[in-house]
Amino acid sequence: MDYRDTVFIAVAENLNFSKAAEELNISQPAVTKHIRELENRYHTNLFERKGNKVFLTPAGEKVYNSFKEIARKYRELDFEIGQLNHHISGTFKIGASSTISQYVIPRAIASFHKRYPRIEIILMNGNSFEMEKLLLENQIDMALVENHTSQAGISYHHFLDDELVVITGVNSVYAKRKHLTLEDLRQIPLVLREQGSGTLEVLREALSLHGIDINSLNTLIHLGSTESIKNFLLEFDGLAIVSEKAVKTELYLKTHVQLKVKGLSINRRFRLAYKQGHKSRQVELFENFLRNYNF
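Start counting the sequence shown at 13; every next residue gets the next number (the working numbering).
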């Protein structure tokens, strides 16, 4: 790709000229110069300013989507040429939900890198909704999500099972209780994940099957990561509901305790997702690797 095209993508994704300059390690005047040259090439404005904010114009949106597709084609070409030379190489971006990015995928990526050292993986993280949004905007090549709903324009494939469990801190007044009822779950103070989190969405669906509205729970606070929740529980007389994969270490070290809720089992599937019609060779290779990986 022309370097000006790369500069444009950086500005479009940051919506900030100075951040794009920092990311590319060039001066802000150089960024401005490249954007001006592109606008002269297309005889139209690609960005507009409103106060202190920068936005893409309709023409800018079209150019951005086209450049991202071109960049994807270049990455796929690098990969295919590498295959011809028996040196599989290339770069692709994965967006993973918080639970998957912290507790599931790092070891798999390390194992993949050992097998394919010439392939560079860039891992981004956020909640499931945010990762699907990045996928539809062509900012990542693949998403690994933990929610149950599906977005139009995205293909989903199961790659790993998970279970949500109820936990509390070892010093909590509830730590010595072996079993809870669904009514206990309504009454005892809770700390849960934030809106947009796949964990919260799956919990909402599971509770609704028992006639429980998640908004009727005694939720004191929503936190943006499972790590925050686990630390919060160390000083909190209450419960949390998190992925069992996120608390294996804590349960082993006995800093936290898992509690069973009679009649409640919350199973879910972690899914690999890619934009329909945009499944690159790198994505296909990584998908096949995940299907055979021993998590």
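Ideal Cβ placement from N, Cα and C applies to all residues, glycine included.
Query raised in the report: Are the Cβ atoms of S372 and S78 separated by less than 8 angstroms?
Result: There is no way to answer for residue 372, as the model of the chain reaches only from 13 to 307.
Which of helix, strand or coil DSSP assigns to F11:
There is simply no residue 11 to check, as the chain begins at 13 and stops at 307 in what is shown.
- Between H268, H222 and D90, which lies nearest to E239 when the distance is taken from Cα to Cα? The shortest C-alpha separation from E239 is found at H268.
Give me the DSSP bridge partner(s) of T103. According to DSSP, which records beta bridges pairwise, T103 is partnered with E132.
Checklist line | Residues bridged to K172 [DSSP beta-bridge criterion] | finding: The sequence as given places Leu at residue 172; Lys does not occur at that position. Paired residue(s): F282.
Open item on the list: Taking 8 angstroms as the cut-off, does the segment 244-257 touch the segment 203-211 (at least 3 CB pairs, one atom from each stretch)?
Closed with: Taking 8 angstroms as the limit for Cβ pairs, the verdict is that the segment 244-257 does touch the segment 203-211.
* Indicate whether the contact test is met: 3 or more Cβ pairs, each with one atom in the segment 267-281 and one in the segment 183-199, closer than 8 angstroms. => Under the 8 angstroms Cβ criterion, the segment 267-281 counts as touching the segment 183-199, having at least three qualifying pairs.
CA-to-CA distance, G72 to R189, given in whole angstroms
R189 and G72: Cα-Cα distance of roughly 59 angstroms.
Q.
Within the continuous alpha helix (DSSP H) that includes K266, where are the two ends?
A. From DSSP, K266 is part of no alpha helix (DSSP H); its letter is neither H nor E.
If you run the structure through DSSP and keep just helix, strand and coil, what is L192? Correct three-state label for L192: strand.
* To do: Would you list the one or two residues that DSSP bridges to F67?
  => The beta-bridge partner set that DSSP reports for F67 consists of E60.
For G210 versus E158, is the C-beta distance shorter than 8 angstroms? Yes, the Cβ-Cβ distance between G210 and E158 is below 8 angstroms.
Alpha-carbon spacing of Q163 relative to E217, whole angstroms: In this model, Q163 and E217 are separated by some 17 angstroms (Cα to Cα).
**S167 - partner residues in DSSP beta bridges** = Bridge partners of S167: Y286.
Exercise for review: Name the residue from K291, V182, S277 and D225 whose alpha carbon lies nearest to the alpha carbon of F244.
Suggested key: Sorting K291, V182, S277 and D225 by C-alpha distance to the C-alpha of F244 places V182 at the top.
First through last residue of the alpha helix (DSSP H) which encompasses L202:
Careful: L202 lies outside any alpha helix (DSSP H), inside the beta strand (DSSP E) at L202 to R205.
| message | Between the segment 161-179 and the segment 219-229, can you find at least three pairs of beta-carbon atoms closer than 8 angstroms? | response | With the cut-off at 8 angstroms, the segment 219-229 and the segment 161-179 do not touch.
Restricting to Cα atoms, I'd like to know which of E262, I233, R119 and K126 is closest to I179.
Cα-wise, what sits closest to I179 is E262.
Mind the definition here: the segment 145-153 touches the segment 284-302 only if three or more C-beta pairs lie below 8 angstroms; say whether that holds.
Using a Cβ-Cβ distance cut-off of 8 angstroms, the segment 145-153 and the segment 284-302 are in contact, since at least three pairs of beta carbons, one from each stretch, lie closer than that value.
Give me the Cβ distance between F282 and I112, rounded to the nearest whole Å; I'm assuming they're in contact under 8 angstroms. So it is a contact: roughly 6 angstroms between Cβ atoms.
Could you say if the segment 113-122 and the segment 46-61 meet the contact criterion of at least three C-beta pairs nearer than 8 angstroms?
No: fewer than three Cβ pairs fall under 8 angstroms.
Beta-carbon proximity check, F298 vs F124, cutoff 8 angstroms: Taking a C-beta distance under 8 angstroms as the contact criterion, F298 and F124 qualify as a contact pair.
Measuring only the C-alpha atoms, how far is A33 from I134? So the alpha carbons of these two residues sit roughly 20 angstroms apart.
By Cβ distance, which residues of its chain are closer than 6 angstroms to Q21, with the 5 residues on each side in sequence left out? Residue identity check: residue 21 is Ile in the sequence provided, not Gln. Around I21: F79.
CB-CB length for D153 against S292, believed under 8 angstroms: Distance from D153 to S292 at the Cβ level is roughly 6 angstroms; contact confirmed, criterion being Cβ atoms closer than 8 angstroms.
| query | Apart from the five residues on each side of it in sequence, which residues of its chain come closer than 6 angstroms, Cβ to Cβ, to T231? | reply | Residues L202 and L204 of the same chain have their beta carbon placed closer than 6 angstroms to that of T231, with the five preceding and five following residues left out of the count.
Requested in this report: Can you grab the Cα-Cα spacing for the pair I241 / V259, in whole Å?
Outcome: Using only the alpha carbons, I get a separation of about 11 angstroms.
Can you tell me which of the three DSSP states A42 falls into?
It is helical.
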